[in-house]
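Following: one structure in structure tokens, then a few remarks.
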Amino acid sequence: MSMINYASREINCKLVYYGPGLGGKTTNLEHIYGKVQPDMRGKMVSLATETERTLFFDFLPVDLGTVRGFKTRFHLYTVPGQVYYNASRKLILKGVDGIVFVADSQIERMEANLESMQNLYDNMAQYGYDLTKIPFVVQYNKRDLPNAAPIKDLQGALNPGWPVEDAAKYRENPDPYHPGELLTYQVDGNWIERAPYFESVAVSGDGVFDTLKAVAKLVLKSLS
Amino acid sequence: MSGAGSWSLGEQDYHRITGHLNDLLRESNARCAMLVDRTGQLLANAGEQLQFDPTSFASLTAADFSANDQLAKMIGEPEFASLFHQGEKESMYLADVGRRVILVVLFDQRTTVGLVRLRVKQAVGDLSKVFDAMFQRGGRGDQAARPFLEGADDEIDKLFGD
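The structure is reproduced here in structure tokens:
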């Protein structure tokens, strides 16, 4: 739930990085922490186990600039990916403004990706949030690995699109991040919309900021 | 509702809130008081200057409260309306305000948990009235009901280098 504070002239928004265990959610935040100027970010907090697996969440506040004289502050959270931490995972989604789903591109992790995506839909629905109506982007991580599945297969499985309900949106909408591709398109007479997607190698930082900027922009546009 | 929506805190409400926090500190002899929303954002603070990162503190406070809420439900309680964390020198008392925000009070040996608890109860009542009135106005503080960033699309595009 974004909060506009007129006293401190800040817009505060909550972004959650979701996805299967060991997919690279924490690595995304670590890269952002390492690259953003210290005066534009806060401390990174990690509630992790002794083996550095996320137990509850990681947290990183980042300033992304000023709009209408208000500082835009994004609170970045990750969730624990392991299946049995669902109670904690659900708590982190409370009041979320934007979601990044970090998928593990390795063919062997396809099942885990699908299970996590289903879990995201279910947990959002329990709060009464509709994933198809809030800022949402998908990041295909670990693109450098030899066993990475083709993007087409990942998109087909994890981001197949949802039917467009609003007739005002019945028009082709080009994907600004992939020339020649569409985010809204027609199939057999039905209009379908997909979430924007990004390819990444979080350990080297490739695609990390593109993903963050895209979801942050969608969140701010949802306020306009 | 499709998402979590947005709400705003106007300057007048902010001053009312910090007024209540200052009253609480004066009457309880506590060190500082903070208000944190349920998503982990710091709304206001009063008292001694904080020697730690308030943003991280706020996110952990919300997580602490949320986790305890779930524990309460597991043992058949609707909620734990307040939490007390006791340290050797510094302690914390956390209380729910209208299921929307969390009041956090930090105190040391200059006062007692009994006095803090008593004064917090009064403050929770006062703050609940402020938040009830604020949310009855549509959660828009002192501002008008139009979308906050209406017409700012160009500025947003520029911010992200498009």
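Keeping their order, the protein sequence lines are chains A and B. Quick note on the working numbering: the first sequence kicks off at 1 and runs consecutively. Quick note on the working numbering: the second sequence kicks off at 225 and runs consecutively. Here a beta-carbon is modelled for each residue, glycine too, at the ideal position from N, C-alpha and C. Quantities reported herein were computed from a predicted structural model and do not represent experimental measurements.
Q. Which of helix, strand or coil does DSSP assign to residue 144/A?
A. In the first sequence, residue 144/A corresponds to position 144, counting from 1. In this structure, residue 144/A counts as coil in the three-state DSSP scheme.
Q) By the 10 Å Cβ neighbour count, where 16 or more other Cβ atoms means buried, how is residue 92/A classified, buried or exposed? A) Within the first sequence, residue 92/A is the residue found at index 92, counting from 1. Buried is the label assigned to residue 92/A, since at least 16 other Cβ atoms lie within 10 Å of its Cβ.
(Q) For residue 320/B, report the span of its beta strand (DSSP E) as first-last. (A) As a working mapping, residue 320/B is identified with position 96 in the second sequence. For residue 320/B, the enclosing beta strand (DSSP E) covers residues 315–321.
(Q) From the DSSP secondary-structure annotation, give me the bridge partner or partners of residue 352/B. (A) To locate residue 352/B, count along the second sequence from 1; it is residue 128. According to DSSP, which records beta bridges pairwise, residue 352/B is partnered with nothing at all.
Q. Quick one, are the C-beta atoms of residue 265/B and residue 3/A less than 7 Å apart?
A. If you number the second sequence from 1, residue 265/B lands on position 41. If you number the first sequence from 1, residue 3/A lands on position 3. With contacts defined as CB atoms closer than 7 Å, residue 265/B and residue 3/A qualify as a contacting pair.
Q. Hey, residue 196/A and residue 177/A are a contact pair by Cβ (cut 8 Å); roughly how many whole angstroms apart?
A. Counting from one through the first sequence, the residue named residue 196/A turns up at place 196. Counting from one through the first sequence, the residue named residue 177/A turns up at place 177. Indeed they touch by this definition, with Cβ atoms about 6 Å apart.
Q) alpha helix (DSSP H) containing residue 3/A: first to last residue? A) Reading the first sequence from its first residue, position 3 is the one you call residue 3/A. Unbroken run through residue 3/A is the beta strand (DSSP E), 2–5; no alpha helix (DSSP H).
Q) Using a Cβ-Cβ distance under 7 Å, would residue 45/A count as near chain B? A) As a first step, residue 45/A must be located in the first sequence, where it is residue number 45. Taking 7 Å as the CB threshold, residue 45/A lines the interface with chain B.
Q.
Taking CB distances under 7 Å as the criterion, tell me whether residue 67/A reaches chain B.
A. Along the first sequence, read from residue 1 onward, the residue named residue 67/A stands at position 67. With its beta carbon less than 7 Å from one in chain B, residue 67/A belongs to the interface.
Q) Shorter than 7 Å from the beta carbon of residue 356/B to some beta carbon of chain A? A) As a position in the second sequence, residue 356/B is number 132, starting the count at 1. Not an interface residue.
Q: Could you pull the start and end residues of the alpha helix (DSSP H) that residue 28/A belongs to?
A: Position 28 of the first sequence, counted from the start, is the residue given in the question as residue 28/A. That run of the alpha helix (DSSP H) goes 25–35.
Q.
Pop quiz: residue 141/A and residue 104/A are said to be a contact at Cβ under 8 Å. What is the actual Cβ separation, rounded to whole angstroms?
A. By one-based count along the first sequence, residue 141/A stands at place 141. By one-based count along the first sequence, residue 104/A stands at place 104. Contact between residue 141/A and residue 104/A holds: their C-beta atoms lie close to 6 Å from each other, under 8 Å.
(Q) On a Cα-Cα basis, can you pick out the residue from 153/A, 102/A, 201/A, 87/A that is closest to residue 139/A? (A) If you number the first sequence from 1, residue 139/A lands on position 139. The candidate whose alpha carbon is nearest that of residue 139/A is 102/A.
Q. Cα-Cα, which of 83/A, 31/A, 153/A is closest to residue 200/A?
A. Against the first sequence, residue 200/A aligns to sequence position 200. Nearest C-alpha to residue 200/A: 31/A.
Q: Kindly indicate if chain A contains any beta-carbon less than 7 Å away from that of residue 374/B.
A: Working through the second sequence from its first residue, we reach residue 374/B at position 150. Yes, residue 374/B counts as interfacial toward chain A.
(Q) Would you call the region 213–223 of chain A in contact with the region 304–317 of chain B, where contact means no fewer than 3 C-beta pairs closer than 8 Å? (A) Too few Cβ pairs lie closer than 8 Å, so no.
Q: Take the Cβ of residue 190/A as the centre, count every other Cβ of all protein chains shown within 10 Å, and call the residue buried at 16 or more, exposed below.
A: As a position in the first sequence, residue 190/A is number 190, starting the count at 1. Exposed: under 16 other Cβ atoms inside 10 Å.
Q) Could one say the Cβ of residue 234/B lies closer than 7 Å to chain A's Cβ atoms, at least one of them? A) Counting from 1 along the second sequence, the entry for residue 234/B is found at position 10. At least one chain A Cβ lies under 7 Å of residue 234/B.
Q: Round the Cβ separation of residue 325/B and residue 248/B to the nearest angstrom and send it over; I've been treating them as touching at under 8 Å.
A: Locating residue 325/B in the second sequence gives position 101, where the first residue counts as 1. Locating residue 248/B in the second sequence gives position 24, where the first residue counts as 1. Contact flag wrong, Cβ pair sits at about 14 Å.
Q. Closer than 8 Å, Cβ to any Cβ of chain A: which residues of the region 245–277 of chain B, in chain order?
A. So the close ones are 261, 262, 263, 264, 265, 267, 268, 277.
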